[in-house]
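Per the working numbering, numbering through the sequence shown is continuous, rising by one, with the last residue being 53.
Beta carbons are placed, not taken as given, at the ideal position from N, Cα and C, and that holds for glycine.
None of these values were measured; they are calculated from a predicted model.
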Amino acid sequence: NDNIVKWTLLLANEGEKANSIGHILDGLNL
24 NDNIVKWTLL LANEGEKANS IGHILDGLNL
């Protein structure tokens, strides 16, 4: 089902963004 693929990619993309924000916050907490 194409919708499953779209949602999987969307969730993966959101996870990468959240991870990037986490790295930025870690950098600010030096």
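CA-to-CA distance, residue j to residue i, given in whole angstroms
i: I27; j: L33; result: 10 Å
i: V53; j: W30; result: Residue identity check: residue 53 is Leu in the sequence provided, not Val. Each residue's Cα considered, the two are about 35 Å apart.
i: N36; j: L51; result: 23 Å
i: G38; j: I47; result: 14 Å
i: K40; j: D25; result: 23 Å
i: D49; j: S43; result: 10 Å
Which of helix, strand or coil DSSP assigns to residue i
i: L53; result: coil
i: N24; result: coil
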